[in-house]
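> Residues -18 to -1, 1 to 501 (mature numbering (1 follows the signal peptide of the UniProt record, and there is no 0)) are what the sequence shown spells out, left to right.
For glycine and all other residues, C-beta sits at the position ideal for the given N, C-alpha and C.
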Amino acid sequence: MANLSRCLLVLLVGFSHSYPTTTLPTYPRATIASGEIIGTTTQLSSVPTAVANKFLGIPFAKSPPQRFSLPEDVRPWTSPLMATEFKPSCIQQFTFEFLRNIENNPPLPESEDCLYLNVFVPASPPPPGGRPVMFWIYGGAFQFGSARLDMYDGSALAVNGDVVVVTANYRMNVFGFPTSPVIPLEQRNVGLYDQRKALAWASQNIHAFGGNPAEVTIFGESVGGHSVKQLVANPPKPLPFNAAILQSQSKGIPGTDVDSWPVLAEELGCNSTSGDISQLDCIRAASVEQIRGIIDTQSLTFSPTVDNKTNFGRVENILRSPTAAHVPILIGSNADEGTMLSQTVHNSQLLLAQIFGNDTVAQKKALSLYPSNLTDPELRTKIFTDGLYTCVTSALAQSFAESGHPTWRYFFNASFPNTQPFPGAGAWHTSEIYEVFGTYPRDNKTTDQQVVLSRFIQHAWTNFAKRPTTGPGWEKVRASSGVVEVLGMDGRWGGIAVPQDEVDRVCEVYNAAIWRSGL
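#1: Would the stretch 212 to 219 count as touching the stretch 423 to 437 if we require 3 or more Cβ pairs under 8 Å?
#2: With burial defined as no fewer than 16 other Cβ atoms inside 10 Å of the residue's Cβ, what is the status of Asn290: buried or exposed?
#3: Take Phe446 as the anchor and find which of Leu131, Val145, Gln431, Leu174 has the nearest alpha-carbon.
#4: Per DSSP, Trp443 forms a beta bridge with which residues?
#5: Just list the residues that DSSP pairs Ile119 with in beta bridges.
#6: If you drop the 5 nearest sequence neighbours on each side, which residues of the same chain put their C-beta closer than 6 Å to that of Val459?
#7: Assuming Gln380 is part of the alpha helix (DSSP H), what are its boundary residues?
#8: Within the continuous beta strand (DSSP E) that includes Glu18, where are the two ends?
#9: Pull up the distance between the alpha-carbon of Cys489 and that of Gln231, whole angstroms please.
#10: CB Trp456 to CB Gly470, shorter than 9 Å?
#11: With a threshold of 8 Å, are at least 3 pairs of Cβ atoms found where one atom belongs to the stretch 95 to 106 and the other to the stretch 55 to 75?
#12: Once you ignore the five residues that flank Pro454 on each side, which residues in its own chain have a CB closer than 8 Å to its CB?
#13: Output the distance between the C-alpha atoms of Pro342 and Tyr352, rounded to the nearest integer angstrom.
#14: Going by CA-CA distance only, name the one from Ser260, Asp176, Gln186 that's closest to Glu94.
#15: Are Thr149 and Trp118 touching if we call contact CB-CB under 9 Å?
#16: Do you know how far the Cα of Pro53 is from the Cα of Phe404?
#17: Roughly how many angstroms lie between the CA atoms of Met64 and Asp430, to the nearest whole one?
#18: Taking the C-alpha atoms as reference points, what is the distance between Gly193 and Leu323?
#19: Specify the secondary structure class of Arg113 as computed by DSSP and reduced to three states.
#20: Runs of 4 residues minimum, wholly inside the stretch 37 to 92: which ones carry the alpha helix (DSSP H) assignment?
#21: Between Pro46 and the rest of its own chain, which residues show a CB-CB distance below 7 Å, the 5 nearest in sequence each way excluded?
#22: At which residue ranges does the stretch 382 to 463 contain complete alpha helix (DSSP H) runs of 4 or more residues, listed in the order of the chain?
#23: How about Ile165 and Leu262: do their beta carbons lie closer than 9 Å?
#24: Thr306: which of Val103, Ala105, Ala225 sits nearest, CA to CA?
#25: In its own chain, which residues sit with a C-beta less than 7 Å from the C-beta of Ser381, not counting the 5 before and 5 after it?
#26: Give me the residue from Arg449, Glu18, Arg49 with the minimum Cα distance to Asn155.
#27: Residue range of the alpha helix (DSSP H) that Thr342 falls in?
#28: Over the uninterrupted alpha helix (DSSP H) stretch that includes Glu467, give me the two end residues.
#29: Which residue spans inside the stretch 294 to 342 form an unbroken beta strand (DSSP E) run of at least 3?
#30: What do you reckon, are the CB atoms on Ala105 and Ala12 nearer than 9 Å?
#31: Give the straight-line distance between the Cα atoms of Tyr9 and Asn187, rounded to the nearest whole angstrom.
#32: Would you identify the three-state DSSP class for Gly193, choosing helix, strand or coil?
#33: CB Lys364 to CB Gly406, shorter than 9 Å?
#34: With a CB to CB cut of under 7 Å and the five nearest residues on each side skipped, what residues in its chain are close to Thr238?
Pasting the structure below:
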């Protein structure tokens, strides 16, 4: 499973839709540690009486950051800062052209000056003590993604759940995960440090928006879920969150190819300089276009390195340690994770070899799980979904529960025509995000089930954020067999408890590979 770096480089963010809100001519204000900010107010088109305040493009670190360096404290300002528009995304890198067409069409504004976050707040006064806070970390294989995507607009989630929602940018690809030997190992995952910097900002400032810094739930999808897992494994001190939600996280995070940095340096002509420091400075001086072009043509990969601080190679033992955050966990995956992700693997035999290595007996057992009349793309989809998501989620949920974390699990199994990137995508990777945030398109394809299911999911997620120890509204994961809450199955407008063995019916075959690789 360690060789999945190429096929798993495509842990998607999700294709973007325009989310209908109406900007109102009012400008809410807040005073934070670095100065006063002025936001904007929007009305949710789906609920005419629902109004949210948005504070967009707030700097949480010094801007612009120095390339390849850790984020620094934000500089204060003296005049009110207009926080009415999103700031650029961090630099994007797309390995596959079809992903660029889905994820970045039309292209988002992007810049190295990107360490900004957004806060979404109900316009009504907060209750005594403040509202719970939900801090979002987006996915995108650590190669692309942005807090400014329409699907991450936190207005509906904030208003419908009476919470404060925070979404933050972080640096990705080589700009977030440089592997220069000159940079100390513990300082190379600058993108993960960006996440921690934004989380620290929330702890310090969220009270200014009516949020309660003692009630922060971190939640993320795909590599955002992986980031949440790493924050739970080794959290900042003092602990800046009290609950965590992992959506479609996968162990198969691509590892950085050790040859990527030397190849980049050579192609940029930076190896002819004298000394390692000069090489680093040379790459720092190169343009974004030069660097991105070389990464594309040379198929280079830059992702988090294992530093045993911000990123562990495996966490199952770390979760039991006293240094881990022993907070309640909500974790789950989708029924058709592989419909798009499997397009990055040439054939099912290659995928099985990447999962099971040279264990041909296990490969044959896995093949025997599926009907023999499936086409190879259909087979790849099922193997990808089961072996890299459903069964990994099951194992990680069990590990959390056995480590003393109160844990709840869901399985999203709904699809809607207005959020399908192509016919037959089903409950594809990231599709649940539209229901969590309530950002699905309101058009003639919107169904009553979609509207009600979204509210059900928002209610569950925000209930969990408000009272983590009592859970989202269904049975906990048990150390032995238990139940999984299946969301939207067979056209249901809510969830239904299903025996875990039904959801995990093929996992016995995959478990040996999963535990060998680690969680």
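With the structure as the only source:
#1: Taking 8 Å as the limit for Cβ pairs, the verdict is that the stretch 423 to 437 does not touch the stretch 212 to 219.
#2: Exposed, since its Cβ has fewer than 16 Cβ neighbours within 10 Å.
#3: Selection Leu131, Val145, Gln431, Leu174 evaluated against Phe446 yields Val145 as nearest (Cα-Cα).
#4: Note: Trp443 sits in no beta bridge, so no partner.
#5: Note: Ile119 sits in a beta bridge opposite Gly202.
#6: Closer than 6 Å at Cβ, skipping near neighbours: Ala379, Ala383, Thr389, Arg391.
#7: Element bounds for Gln380: 373 to 384.
#8: It spans 17 to 20 - the beta strand (DSSP E) in which Glu18 sits, taken as one unbroken run.
#9: Distance between the alpha carbons of Cys489 and Gln231: 17 Å.
#10: Here Trp456 is not near Gly470, since their CB atoms are 9 Å or more apart.
#11: With a cut-off of 8 Å on Cβ pairs, the stretch 95 to 106 is in contact with the stretch 55 to 75, counting three or more such pairs.
#12: So the qualifying residues of the chain are Leu312, Trp390, Tyr392, Ala442, Trp443, Asn445, Phe446, Glu467.
#13: The question names Pro, but residue 342 is Thr in the sequence shown. Spanning the two alpha carbons is a distance of roughly 16 Å.
#14: Among Ser260, Asp176, Gln186, the Cα nearest to that of Glu94 belongs to Asp176.
#15: Yes, the Cβ-Cβ distance between Thr149 and Trp118 is below 9 Å.
#16: Between the alpha carbons of Phe404 and Pro53 lies a distance of about 39 Å.
#17: Cα to Cα, the separation comes out at about 38 Å.
#18: Cα to Cα, the separation comes out at about 37 Å.
#19: Arg113 sits in a strand when the DSSP states are folded into three classes.
#20: Whole alpha helix (DSSP H) segments, 4+ residues: 79 to 85.
#21: Annotation for Pro46: Glu94, Asp95 place their beta carbon closer than 7 Å to its own, counting only its chain and skipping 5 residues before and after.
#22: For the stretch 382 to 463, whole alpha helix (DSSP H) runs of length 4 or above, ordered along the chain, are 414 to 419, 430 to 448.
#23: Result yes, Cβ atoms of Ile165 and Leu262 sit closer than 9 Å.
#24: A small fix is needed here, since residue 306 is Ala in this sequence, not Thr. Checking every option, the nearest Cα to that of Ala306 belongs to Ala225.
#25: Within the same chain, Ser381 has close Cβ partners Glu298, Leu301, Leu501.
#26: Nearest in C-alpha terms to Asn155, of all of Arg449, Glu18, Arg49, is Arg49.
#27: In the DSSP annotation of this structure, the continuous segment of the alpha helix (DSSP H) that includes Thr342 starts and ends at 342 to 349.
#28: Premise fails: Glu467 lies in the beta strand (DSSP E), 465 to 469, not in any alpha helix (DSSP H).
#29: Given a length threshold of 3 residues, each whole run of the beta strand (DSSP E) inside the stretch 294 to 342 is given here in chain order: 311 to 316.
#30: No; because the gap between Cβ atoms is not below 9 Å, this pair is not in contact.
#31: Cα to Cα, Tyr9 sits roughly 19 Å from Asn187.
#32: Correct three-state label for Gly193: strand.
#33: The Cβ atoms of Lys364 and Gly406 lie no closer than 9 Å to each other.
#34: Per-residue confidence for Thr238 stands at a pLDDT of 48, beneath the threshold of 50, marking its modelled position as unreliable; no derived number is given.
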